[in-house]
Each structure stands twice: as C-alpha cells, then as structure tokens.
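See below for the structure under consideration.
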Amino acid sequence: MMQNKVTKPKNRKKIIIVLIIIALVVGGIIYAATKASDFKPPSHSDFRNQHGG
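Per this note's numbering, the sequence shown starts with residue 477, numbered consecutively.
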C-alpha cells in the first residue's frame, strides 16, 4: 500500500510531462503546417507587390 502511494505521484508527474511534450510537439506541427500553408499561396502575390511596387 505504501509503495503504491509513493509511486502514484511519480507516474502522474511523468504523465503530465509526457502530455506537455506531446502538446508542444503537436502545437509545433500545427504551427509549422499553418505557417507553411500561409507562406506558399501568397508568396507569388507578395513578390509581385514588393517588386512591382
């Protein structure tokens, strides 16, 4: 019983850390995907606007 009480908080901390890492990774992938999708389509019009002035 004592061992279970001691090991449970450690497991919870590990789960929280893993969830945070997963959240950061998923957030980074979503951020990269949105930046890539935002970057590709308007790039031609942006170049025309900048150079055409």
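Just so it is clear, CB atoms sit at the ideal spot from N, CA and C, and this is done for glycine as well.
Nearest-angstrom Cα distance between residue i and residue j?
{"i": "V502", "j": "N487", "result": "22 Å"}
{"i": "I498", "j": "T510", "result": "18 Å"}
{"i": "Y507", "j": "I493", "result": "21 Å"}
{"i": "A512", "j": "K489", "result": "34 Å"}
Who are the near neighbours of residue i in its chain, counting only those whose CB is closer than 6 Å to its CB and skipping five residues on each side?
{"i": "L495", "result": "none"}
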